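In case it helps, this note's numbering puts the sequence shown at residues 343 to 681. Even for Gly, the Cβ is constructed at its ideal location relative to N, Cα and C. Computed from a predicted structure; not experimentally measured. Down below is the structure, laid out as structure tokens.
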Amino acid sequence: MKNAIRNVCAQLLSATGFTLAAGCFSLAAVPAAQAADPVKIGFLVKQAEEPWFQDEWRYAEQAAREKGFSLVKIGVANGEKMMAAIDNLAAQKAQGFVICAPDVKLGMAVERAAKRNNLKVMSVDDQLVDGSGKPIASIPHMGISAYEIGKQVGQGLIEEMKSRGWNVAEVGAMRMAFDQLPTARERTQGALDSLKAAGFPAANIVDAAQAKTDTESAFNAANIALTKQTKFKRWLVFGMNDEAVLGTVRAAEGRGLRSDAVIGIGIGGSKTALNEFAKPSPTGFYGTVLISPKRHGYETSVNMYKWIAENKAPAPLILTTGVLMTRRNQTDVRAEFGL
């Protein structure tokens, strides 16, 4: 199209003179100017205060520096704020955004808002679903192989319990549940299946439902469960993230259950876990399955940049896995992940 305009301009130059042709060449230059518009990308997360999302943002900023695009970070704690944020990105002339929505069932609303504002969209961490609960295939997604990572947690718990020589009849397993989030449900189900496959008694498994996915909610839920379940002398603890396990460990400590009576394995490898490992003495927070916030922050941002700047669409689905990290091996594991 651009070449056709230039050919017409050249003909006008010879036939009518400089003034008219100059205006024509200016018209031909417009698409080039538009193509050079700076790339601006939004990165929306449901709980901006959580260490995992802070790390994602940090690596997204690294991608922005390296690729030369602008990054707009917005916390979207609920659906109303999410919709306002998408409109805000359009007003700022962004061309696309990465999102971990406050509720995956808002997927169709996200897709409609993106189309209305002519924005490209990718999801991260939690995959968006339609009204029937099916993943929205038209929105590229980078997530975690939640079930497999949950199985890693369960295997780690069993191995450490056996190495300590615990009598399984005296051991309870506390599942910190947040079942309204599919990712959380898949993670804890993976852990449950690993425990049961290893012969852990189903009757010794206790559910504690969290109101939110943070440490305080886990602490409150665990306190209730521990009050009801006094028959167990030792506990295995698992949940959807590091914060769920840490809250439970703190509740157990409040009842005199220390590191020799609690084995908790979280998911995420966040600062929450590193802070526990840095304490002078071990706590009940035994380990965490490290998943890479770098891939989820950096790689999704680079993929979005390439989609906008080079018209290279991301893969429809990318799933990441993790490695069990403890106080003993944390240095080697973090080095392996480039952290």
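Annotated as distal: G581 and A402, with beta-carbon spacing of 7 Å or more. When C-alpha distances from M450 are compared across A593, S480, K573, E558, the shortest belongs to S480. For K415, the beta-bridge partners assigned by DSSP are F385. By the neighbour-count criterion, in which 16 or more other beta carbons inside 10 Å mark a residue as buried, T630 falls on the buried side. CA-CA distance, A655 to V463, rounds to 11 Å. Around the C-beta of T663, fewer than 16 other C-beta atoms lie within 10 Å, and the residue is accordingly described as exposed. The alpha-carbon separation between R600 and A443 amounts to approximately 36 Å. Between the region 380-389 and the region 415-426, the count of Cβ pairs shorter than 8 Å is three or higher; the stretches touch. Here A586 is not near M503, since their CB atoms are 7 Å or more apart.
DSSP links F439 through a beta bridge to G384, V463.
In the DSSP assignment, W577 is bridged to G514, V604. Relative to L666, the option among N645, A615, E652 whose CA is nearest is A615.
The region 644-678 is shown to contain whole alpha helix (DSSP H) runs of 4 or more residues at 672-678, in chain order. About 6 Å separates the beta carbons of F439 and L431, which is inside the 8 Å limit, making them a contact pair. Contact annotation: A515 and I547 have beta-carbon atoms nearer than 7 Å. Take the alpha-carbon of A603 and the one of L534: they are about 20 Å apart.
Under the DSSP assignment, I500 falls in the alpha helix (DSSP H) whose first and last residues are 488-506.
In the displayed model, G532 falls within a helix according to three-state DSSP.
For the pair K457 and T673, the Cα-to-Cα distance works out to about 44 Å. Residue pairing from DSSP leaves H638 without any beta-bridge partner.
Listed in chain order, the non-local C-beta contacts of S487 below 6 Å within the same chain comprise L661, T663, local neighbours out to five positions each way being set aside. Within a 10 Å sphere around the beta-carbon of N460 sit fewer than 16 other beta-carbons, which makes this residue exposed.
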